[in-house]
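Read through the structure below, which is laid out as structure tokens, and then see the notes.
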């Protein structure tokens, strides 16, 4: 009974057993990347109004999964929709809500991440949450945006342990400030480059001369390729990467990645799609290859207050950045995405799960030595 109570508390707080020990991000280890400064928390929550919530589910020896919710603003999102775009790097995935976002250029719910077979529970949770919001009493259609990666190696994914209530809890418990990273929420059971992956986040703040805008990124990493960290060929040196069994005896690694980019720059859906494409360039900087069996998706949103879309308005007037002002936002997106992906590895612990499957954490000391002696 005491152990069960502990699990419930950890679920509510968005904390997992696997992240009990202290970790440091790549930047905190003394290796800042990119040219732009981060926000206060180096997280997606540096974008004003953005909050993140996790529900982490670790039970017995086989359940290793969860939910992560990204709430773009603190009003009624359905009534004040958010300009958005989605880019598909490789489409082997189950991203719910994509066609309406592409058609209308906006999002009307929080963005929820979970595991592949829990997308249905994610949709139900998001819809129930939205219908419960004051002002939505008469609504009969909700476009829930729910992404996933497959955590089936460590998690009893066929058990479909995520419930709609967990999704509601993740949204309701979302908060600003520091964001839990590593083996939490939707990243609890994920694997990245053959090591334990998870949730990662980072941000960039442009100088005032470039608009002073903030770009924040949150990722759920479960993908493969040939790991590079800040230009160092880590995967090759550790002999752990895709296709390695064709040149050395070892294992192949593969999987998917969800990337959420939010900015307070005033962008429309067309330029948000251009931003989303640049997040894939950030993924490429980590050695990701968007392999055949990988579901690699980017959801990009602009929460510039003056551009939120009033669902009752008959006409919309917005101010958006000119194309010529986009390059610095592209660069910030690439930097923040790459760092968020690396952070998901640095902040994760080793984990044992379903059928005794074990995944090692990134060997941080070895990696730091490589970075020092590049």
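Residue numbers (the working numbering): 1 to 374. Even glycine gets a Cβ: it sits at the ideal position worked out from N, Cα and C. Keep in mind the model is a prediction, meaning the values are calculated, not measured.
What is the DSSP secondary structure of residue i, reduced to helix, strand or coil?
i, result
"residue 330", "helix"
"residue 92", "coil"
"residue 213", "coil"
"residue 64", "strand"
"residue 307", "helix"
"residue 160", "coil"
"residue 218", "strand"
"residue 148", "strand"
"residue 24", "coil"
"residue 105", "coil"
"residue 284", "helix"
"residue 301", "strand"
"residue 196", "strand"
"residue 275", "helix"
"residue 267", "coil"
"residue 359", "strand"
"residue 353", "coil"
"residue 260", "strand"
"residue 184", "coil"
"residue 235", "helix"
"residue 294", "coil"
"residue 82", "strand"
"residue 316", "coil"
"residue 141", "coil"
Take residue i as the anchor and find which of the options has the nearest alpha-carbon.
i, options, result
"residue 53", "350, 61 and 44", "44"
"residue 178", "195, 125 and 202", "202"
"residue 284", "274, 31, 26 and 337", "337"
"residue 228", "327, 147, 367 and 170", "367"
"residue 182", "118, 341, 358 and 374", "341"
"residue 281", "87, 267 and 170", "87"
"residue 461", "38, 29 and 22", "This structure gives no information on residue 461, because the portion of the chain shown stretches from 1 to 374."
"residue 161", "319, 26, 118 and 333", "118"
"residue 333", "23, 55, 42 and 28", "42"
"residue 139", "271, 127 and 148", "127"
"residue 146", "129, 110, 352 and 194", "110"
"residue 26", "374, 354, 339 and 353", "339"
"residue 84", "365, 272 and 32", "272"
"residue 320", "305, 74, 314 and 93", "305"
"residue 211", "264, 171 and 180", "264"
"residue 47", "59, 216 and 348", "216"
"residue 233", "268, 373, 91 and 180", "373"
"residue 326", "371, 370 and 214", "214"
Where does residue i land, buried or exposed, given buried means 16+ other C-beta within 10 angstroms?
i, result
"residue 230", "buried"
"residue 237", "exposed"
"residue 9", "At residue 9, the pLDDT of 40 sits below 50, so the modelled position is not reliable and the matter cannot be decided from this model."
"residue 381", "Because the chain here runs from 1 to 374, residue 381 falls outside it and cannot be looked at."
"residue 259", "buried"
"residue 361", "buried"
"residue 81", "buried"
"residue 61", "exposed"
"residue 158", "exposed"
"residue 115", "buried"
"residue 249", "Summary for residue 249: the model assigns pLDDT 41, below 50, so the residue's position carries little reliability; its value from the coordinates is reported in the next sentence. Exposed, because fewer than 16 other Cβ atoms sit within 10 Å of the Cβ of residue 249."
"residue 153", "buried"
"residue 246", "At residue 246 the pLDDT is 43, less than 50, meaning the model places this residue with poor confidence; the figure from the coordinates comes in the next sentence. Exposed, since its Cβ has fewer than 16 Cβ neighbours within 10 Å."
"residue 290", "buried"
"residue 349", "buried"
"residue 317", "exposed"
"residue 279", "buried"
"residue 235", "buried"
"residue 310", "exposed"
"residue 239", "exposed"
Taking 8 Å as the cut-off, decide whether the C-beta atoms of residue i and residue j are in contact.
i, j, result
"residue 143", "residue 97", "yes"
"residue 105", "residue 298", "no"
"residue 163", "residue 121", "yes"
"residue 344", "residue 199", "yes"
"residue 262", "residue 219", "no"
"residue 357", "residue 255", "no"
"residue 50", "residue 67", "no"
"residue 204", "residue 135", "no"
"residue 307", "residue 363", "no"
"residue 77", "residue 108", "yes"
"residue 113", "residue 174", "no"
"residue 359", "residue 168", "no"
"residue 351", "residue 102", "no"
"residue 224", "residue 193", "yes"
"residue 222", "residue 354", "no"
"residue 300", "residue 275", "yes"
"residue 69", "residue 171", "yes"
"residue 189", "residue 148", "no"
"residue 23", "residue 330", "no"
Could one say the Cβ of residue i lies closer than 8 Å to chain D's Cβ atoms, at least one of them?
i, result
"residue 167", "Given the protein chain composition of this structure (a single chain), no chain D is represented."
Runs of beta strand (DSSP E) lying entirely within the region 107 to 133, each at least 3 residues, in chain order: 111 to 115
Sequence ranges, beta strand (DSSP E) only - wholly within the region 30 to 79, length at least 3: 51 to 59 and 63 to 71
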